[in-house]
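S.K.:
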Amino acid sequence: MGQAIAFYTLAAFILGFAVLVVSTKDTVHSVLFLVLDFLFVAALYVLLGAPFLAVIQVLVYAGGIVVLYLFVVMLVNLKRPPEAHHDPHRRTTLGFGLAIAVLLELVVIGVYQTVGPVAAAVPGPAMPVTGNTEQVGWLLYTSYLIPFEIASMLLLVAMIGAIVLAKREL
Amino acid sequence: MSTQTVRGAMFDTNELVINMGPQHPSTHGVLRVVLRLDGEKVVDADVVIGYLHRGIEKLSENRNWTQIILLTDRMDYVAAATSNVGYCQTVEKLMQLEVPRRARYVRTILCELQRIASHCLWVGTHAMDIGAMTVFLYAFRERELILDLFEEFCGARLTYNSMRIGGLPLDIPPGWDKKVLEFCRIMDSKLDEYEELLTHNRIWLERTKGIGIISGPVALALGLCGPPLRGSGVPRDVRKDEPYAAYDEMQFDVPLGTAGDTYDRYLVRMEEFRQSLRIIRQATEGLPEGPIVGKVPRLIKPVVGETYHAIESPKGELGYFIVSDGKSTNPYRFRVRPPSFCNLQGLRTLIKGHLVADVVALIGSLDVVLGEVDR
Amino acid sequence: MIDHFVVPLLKILVVLNATLVAVTYMVLLERKVIAWAQSRLGPMRVGPYGILQPVADAVKLMIKEDITPVRADKWVFTAAPIISMVPALIVYAVIPFGPEVSIFGRKVTLYITDVNVGLLYLVSVASVGVYGIILAGYASNSKYPLLASLRASAQLISYEAAVTLTLVSVILMSGTLSMVGIVNAQYTKHVWFVFAQPIAFVLVLIGGLAETNRAPFDLPEAEQELTGGFHTEYSGMRFALFFLAEYANMIVVSSVVTTLFLGGWLRPFPNVAALSFLGIVPSWAWFLIKSFVFLYIFIWIRATLPRYRYDQLMRLGWKVLIPLAIANLVVTGIVKVLWLGVGG
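Protein chains in written order, with numbering that gives the first Met the number 0: chain A, 0 to 169; chain B, 0 to 374; chain C, 0 to 343.
#1: What are the partner residues of Asn-18/B, as DSSP defines its beta bridges?
#2: Given Leu-109/B, which residues of its chain have a CB within under 6 Å of its CB, disregarding the five upstream and five downstream residues?
#3: By Cβ distance below 6 Å, which residues in the same chain neighbour Gly-345/B in space, the five residues on each side in sequence not counted?
#4: Within its chain, find whatever has a CB closer than 6 Å to the CB of Val-20/A; leave out the 5 residues flanking it on each side and keep chain order.
#5: Would you list the residues sitting across from Lys-326/B in a DSSP beta bridge?
#6: In whole angstroms, give me the CA-to-CA distance for Met-40/B and Arg-31/B.
#7: According to the Cβ coordinates, are Arg-35/B and Val-42/B closer than 8 Å?
#8: Applying the 10 Å Cβ sphere with the 16-neighbour rule, what's the burial state of Trp-338/C?
#9: Pick helix, strand or coil for Gly-412/C, following the three-state DSSP scheme.
#10: Would you mind telling me which residues of chain E sit closer than 9 Å to Tyr-309/C, beta carbon to beta carbon, in chain order?
#11: Go to Asp-373/B, then tell me how far its alpha helix (DSSP H) extends in each direction, as first and last residue.
#12: Measuring straight from C-alpha to C-alpha, what distance separates Pro-50/A and Leu-145/C?
#13: Is the separation between the beta-carbon of Leu-136/B and that of Arg-39/C shorter than 8 Å?
#14: Just to check my reading of the structure: Val-233/B and Pro-254/B have Cβ atoms closer than 8 Å, yes? What is that Cβ distance to the nearest angstrom?
#15: Please go through the same chain and pick out, in chain order, the residues whose beta-carbon is closer than 7 Å to the beta-carbon of Phe-6/A, but skip the five residues on each side of it.
#16: Tell me whether Arg-238/B is buried or exposed, calling it buried when 16 or more other Cβ atoms sit within 10 Å of its Cβ.
#17: Please classify Asp-75/B: does DSSP put it in a helix, a strand, or coil?
#18: State the CB to CB distance for the pair Leu-134/C and Ile-82/C, rounded to an integer number of angstroms; the pair is presumed to be in contact (CB under 8 Å).
#19: Three-state secondary structure (DSSP) at Phe-103/C?
#20: Helix or strand or just coil, what does DSSP make of Met-9/B?
#21: In chain order, what are the residue ranges of uninterrupted beta strand (DSSP E) at least 3 long that sit wholly in the region 50-123 of chain C?
#22: Looking at the secondary structure, which residues open and close the alpha helix (DSSP H) in which Ser-312/B lies?
#23: Leaving out five residues on either side along the sequence, give the residues of the same chain with a beta carbon under 7 Å from the beta carbon of Val-72/A.
#24: In the structure shown, what three-state DSSP assignment does Leu-155/A receive?
#25: Just to make sure I have the definition right: I need the residues of chain A whose C-beta is within less than 9 Å of the C-beta of Ser-83/C. Which are they?
#26: Measuring straight from C-alpha to C-alpha, what distance separates Leu-52/A and Ser-168/C?
#27: Within its chain, find whatever has a CB closer than 8 Å to the CB of Ser-101/C; leave out the 5 residues flanking it on each side and keep chain order.
#28: Starting from Ala-44/B, follow the beta strand (DSSP E) in both directions and report where the run begins and ends.
#29: Since Lys-314/B and Asp-240/B should fall inside the 8 Å C-beta cutoff, what is the C-beta to C-beta distance between them, to a whole number of angstroms?
#30: Let me know if Ile-278/B comes out buried or exposed under the rule of 16 or more other beta-carbons within 10 Å of its beta-carbon.
#31: How many Å lie between Ala-356/B and Asp-37/B at the Cα?
#32: Is Leu-120/B closer than 8 Å to Val-77/B when the C-beta atoms are compared?
#33: Give the DSSP bridge partners of Arg-301/C, in chain order.
#34: Could you name the residues of chain C that Trp-203/B contacts, counting a contact when the two beta carbons are closer than 9 Å?
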C-alpha cells in the first residue's frame, strides 16, 4: 500500500518533469529538469530494491553526463534557424505521427509477446552472496563479462577520440 | 576593444578581451592592463597608465629647489628616502657641492634600509598574489621595524623628506645606530623564514620558474633596469658602476640571475636583502664623526646648466635630469627617469604567451610602483 | 514506531543543527588559525576573544540588500547556492559518529542510517554539488563568473575521478561499501587503513582539498586572479550560503577521511586491551577529535602554501593523482589476492 503510493507519486513526478524537459523554452532549464528526472528515477530504483543502481544512476547520469550536457548548452549559443517552411503546425503534426507509430509498435509487441527473456549463453556459477552491489558485480564479471569488456573498450575509444578532436597540437 | 555581455555570444573561438584594473586587488596601484585572451592564453596586452598622474614634474617648476624634495617623496612612496637622495645628489652635482663624509654614510644607511623596506613590500605582495598569504604578514612585520627606525630619525613613516641639498636635515638620534645593528640581526633570521616558505617550495617553483623569461640582450633593448635586468644576467648596478654616497667605500656583491625568469628575479632580490644588510653593518660600524650638512648657500640657486644623475633605487636605475636657468630659485625643467616606468614597458613582451594567472605574478616580479610610473 | 520515526528524526535534528553550528564556527576557526599563523590575533572585538564573531557575520549577511543582476536567470540564480549547500548537508546521513550506545536505556546507533552503499552514496551526492557552482557562474550572466565556474567545475570533476578511484582501494581493503562496515573492518583487521593504504590516504587528502576548492587549489575563488570568481555577483545571504557550503564540504571531507582511514570512532589501538583506559573518552569524541585534526590541517595548508595555476592543477589531477590511484588499486588487488586471500 505504502509502496503503491510511493510508486505513483514518483511516477507522476518523473512524467511531469519529462514533459517539462521538452516543453520549456530555455535550454538550460530543460537540462535542469532532466537532472531532476534522473534523481527521481534513482528514487524509483531504491523502491525496487536496487540501491546500488540508484547511486550509480546519480553518480554517472546526473553527476557526470548531464554536467557535460550543461557545459555544451551553456557554451553553445542555441538559436533556432529561420523556419524554412511557413507551416507553424509542422512540428506538432510530425510529433503526433511519431507518437502514434510508437504506440502501435508497443501494442503489437504486447499482443504478440511470444519471445521470452533470453537465457544467458553460459550459465554462470551460483551466486554465493546477497546484496545488490555483490549481485551486480557477480553477474558483470561472470555471465556478462564480454559485454562488460566491450563497453569498457568503447569508452576508451570515445575518450581517445575526444582527446584527438579537442587537442590543438598533438 | 568591445566587451560583450549578451548571454551566449561570449564564446566563439575568437578572442576574449578582458580588462584588468585600474581597480583590481593585485595590480599594485592603479594600473590598467587590457588583455586579449585566446582561451586562457594572453595573445596581447595593452598597458594603460596615467591614473596616478599628479603633475609632479610641472609642479616642481613652481617650487624652489628645497621644496621639491617633498615632491620626490611621493613618487616612489615605498622607497621615499632613495628618491630624496637621488634628487639631492643631482642638485649637488649641478652645484658642485661637497657632502661631508658622515652625511654620505648616513645616506647610505638610509638608502639600504629603504631597499630592505621596499623589498619587504615586494616579497609580501608578490607572494600574496601567488597565494602565499602568510609571507605578506611576515614581511610587513619587518617593514614595521624599519619604519620605526625612520620615524625615530625624521618623524615620518612613509614620506620622509629626510634629505637636504648638501646633507641631511638632522643628525641621527643617539642610540639609533645600535638599533640599526639590532635590526640587522633580527632581519637575518627572518629572511631565512621567508626563504623557507618560498625558495624551495614546489608550488612556488612551479609558479615562477620559466615564467616571463627575458634574455639579457632583450632586456637591455627594452630598457629594463634593476633586478629585472640583473635577473637576466646583465651586470649593471649604478652603485658599482658609478658609485655615489659612500658606496665606493663599501664591500658588497651584486647578485646576478641566469635564466631571466621570475624565479631568478626573486632570487636576485632575496640576495639583495642580504647584501643590503651587509652594507648597513659596514656603514653603521664605520660611521665617521663630522658635520651632517655641507657648506650650502642660504638660497639655492645653481648656475645655468643641466645635469643628469642616476642612483640605484630598489626598483632599478632612478635618474633625475634638471635644468637650471641660473636666474630663479625654481628649476626650469625637472625630469625623472623612473625605473618602474621603464620596467613596465617590458610587461607587454613578458606577458605574451602566458596564462592569465601569470599576469599578476609578472607584474609583481617587475615590482612597479605606480606613483613613480605616473608621477 | 518510535524506533522507526522518532529516533531517526531526532538524530537528523541533532546532526543537522550540530553541522550548521559547526559550519558557522568554522568561519571563526579559520580566521583565528590563519591569524595566529601570521602573527596576528584575528577577530577579538565581538564577544570575548571574538567568540561571537560568526553571529555578527550572520546578522550582517542576513540584513544585506539582496541584489540580483538584471539579466540573470532568477530561478537558477536563487537555486545555485541551495544546490551547493544541500549535498554537503545530506551526506551526514551516512557518516557514522559512533557505534551502538545506550541512551536513556534505549539502544541507539550513533549514525542516522547505515546504507549498504554508503560510500557510493557519498560520492554521488558530492558529484551533484558541482551543479551549484556551474549554475552560479551561468546565472550571473557575466563574463568573469562564467569563466571561473567552468574552471571550477572542470577541476571538481577531474578530482572526483581521482578520489573515486582511490576509494576503490579502500573498498578492496574493507570488502564493503557501508561506512559502518569500513570502520568495523578496521576494527577486525587490527589496523587503521591509514597504515595499510598510506598512498590512498595522501591521495584522498589532496583530492579532498581540490574537491572543496581549498588552497592550494582555490583558483576559482582567488580574488587576485578574477575578482571573486563564480560568486562575484552574489551578495548577502546567498553569498554566505556558498561559503558555508564550502566549509560544510570541508567538514564532510574531514569526517570521511577520519572514517575511512583513521578508524572513525575507534580509539587508538582498539584491540590492545592494555590501552582500554583510553575508552574513557567516548567514541564520538574520538571521531570529533580526529575530524578536528584534519580541519586544522586544511586551514594550516591554506595559510602556508601558494596557489596552483589552473593548468598545473589539472595536470596534477590527471597525470599524477589518477595514475597513482590506479597503480595503488592494482597493487592492493594483487596483494589481496596473493597474500591475504580473497576473503581476507
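Cβ atoms here follow ideal geometry from the backbone N, Cα and C, with glycine treated the same way.
M.R.: Judging by the given coordinates:
#1: Here residue 18/B corresponds to residue number 19 of the second sequence, with the count starting at 1. For Asn-18/B, DSSP records a beta bridge to Val-33/B.
#2: Against the second sequence, residue 109/B aligns to sequence position 110. So the qualifying residues of the chain are Ala-80.
#3: Counting from 1 along the second sequence, the entry for residue 345/B is found at position 346. Only Leu-221, Leu-223 meet the Cβ criterion.
#4: As a working mapping, residue 20/A is identified with position 21 in the first sequence. The residues are Ser-29, Phe-32, Leu-33.
#5: Position 327 of the second sequence, counting from 1, holds the residue named residue 326/B. Paired residues: none, contrary to the question.
#6: As a working mapping, residue 40/B is identified with position 41 in the second sequence. As a working mapping, residue 31/B is identified with position 32 in the second sequence. Going by the sequence as given, residue 40/B is Lys instead of Met. Going by the C-alpha atoms only, they are around 18 Å apart.
#7: As a working mapping, residue 35/B is identified with position 36 in the second sequence. As a working mapping, residue 42/B is identified with position 43 in the second sequence. Their beta carbons are under 8 Å apart, which means Arg-35/B touches Val-42/B by this criterion.
#8: As a position in the third sequence, residue 338/C is number 339, starting the count at 1. Exposed: under 16 other Cβ atoms inside 10 Å.
#9: Nothing about residue 412/C can be reported from this structure: the residues present for chain C run from 0 to 343 only.
#10: Although the question refers to chain E, the structure presented lacks it and instead comprises the protein chains A, B and C.
#11: The sequence position of residue 373/B within the second sequence is 374, counting from 1. Where Asp-373/B is concerned, the enclosing alpha helix (DSSP H) stretches over 369-373.
#12: Position 51 of the first sequence, counting from 1, holds the residue named residue 50/A. Position 146 of the third sequence, counting from 1, holds the residue named residue 145/C. If you take the alpha carbons of Pro-50/A and Leu-145/C, they lie about 35 Å apart.
#13: Reading the second sequence from its first residue, position 137 is the one you call residue 136/B. Reading the third sequence from its first residue, position 40 is the one you call residue 39/C. Cβ distance < 8 Å, so Leu-136/B and Arg-39/C count as in contact.
#14: One-based indexing of the second sequence puts residue 233/B at position 234. One-based indexing of the second sequence puts residue 254/B at position 255. With 8 Å as the limit, Val-233/B and Pro-254/B do not qualify as a contact, their Cβ atoms being about 12 Å apart.
#15: Residue numbering aside, residue 6/A sits at position 7 when the first sequence is read from its first letter. Close CB contacts of Phe-6/A within its chain, under the 7 Å cut and outside five residues either way in sequence, are with Leu-46 (chain order).
#16: For the purposes of this step, residue 238/B is taken as the residue at position 239 of the second sequence. It is buried - the Cβ of Arg-238/B has at least 16 other Cβ atoms within 10 Å.
#17: Counted from its first residue, the second sequence places residue 75/B at position 76. Under the three-state reduction of DSSP, Asp-75/B is assigned to coil, being neither helix nor strand.
#18: Taking the first residue of the third sequence as position 1, residue 134/C is located at position 135. Taking the first residue of the third sequence as position 1, residue 82/C is located at position 83. Between Ile-82/C and Leu-134/C the Cβ distance is about 6 Å, and since that is below 8 Å, they are a contact.
#19: Start at 1 with the first residue of the third sequence, and residue 103/C comes out as number 104. Phe-103/C: coil per DSSP, three-state reduction.
#20: On the second sequence, position 10 is the one that residue 9/B refers to. Note that Met-9/B scores 42 on pLDDT, short of 50, meaning its location in the model is unreliable and no value can be drawn from it.
#21: 99-102, 105-108
#22: One-based indexing of the second sequence puts residue 312/B at position 313. Element bounds for Ser-312/B: not the alpha helix (DSSP H) but the beta strand (DSSP E), 304-312.
#23: Taking the first sequence and counting its residues from 1, the one referred to as residue 72/A is at position 73. Same-chain partners within the cutoff: Thr-26, Val-27, Val-30.
#24: Taking the first residue of the first sequence as 1, we reach residue 155/A at position 156. Helix, per DSSP.
#25: Taking the third sequence and counting its residues from 1, one reaches residue 83/C at position 84. Here the premise fails: no neighbours, minimum Cβ distance about 14 Å.
#26: What you label residue 52/A is simply residue 53 of the first sequence in a count that begins at 1. What you label residue 168/C is simply residue 169 of the third sequence in a count that begins at 1. One C-alpha to the other measures close to 20 Å.
#27: Counted from its first residue, the third sequence places residue 101/C at position 102. Around Ser-101/C: Val-107.
#28: For the purposes of this step, residue 44/B is taken as residue 45 along the second sequence, with counting starting at 1. Its beta strand (DSSP E) spans residues 40-47.
#29: One-based indexing of the second sequence puts residue 314/B at position 315. One-based indexing of the second sequence puts residue 240/B at position 241. Going by Cβ atoms, the distance from Lys-314/B to Asp-240/B rounds to 17 Å, so no, they are not a contact pair.
#30: Residue numbering aside, residue 278/B sits at position 279 when the second sequence is read from its first letter. The residue is buried, with at least 16 neighbouring Cβ atoms inside 10 Å.
#31: Taking the second sequence and counting its residues from 1, the one referred to as residue 356/B is at position 357. Taking the second sequence and counting its residues from 1, the one referred to as residue 37/B is at position 38. About 14 Å.
#32: What you label residue 77/B is simply residue 78 of the second sequence in a count that begins at 1. What you label residue 120/B is simply residue 121 of the second sequence in a count that begins at 1. Yes. Within cutoff.
#33: Here residue 301/C corresponds to residue number 302 of the third sequence, with the count starting at 1. In DSSP, Arg-301/C forms no bridge with anything.
#34: Position 204 of the second sequence, counting from 1, holds the residue named residue 203/B. Neighbours of Trp-203/B in chain C, taken as residues whose beta carbon is under 9 Å from its own, are Leu-304, Pro-305 in chain order.
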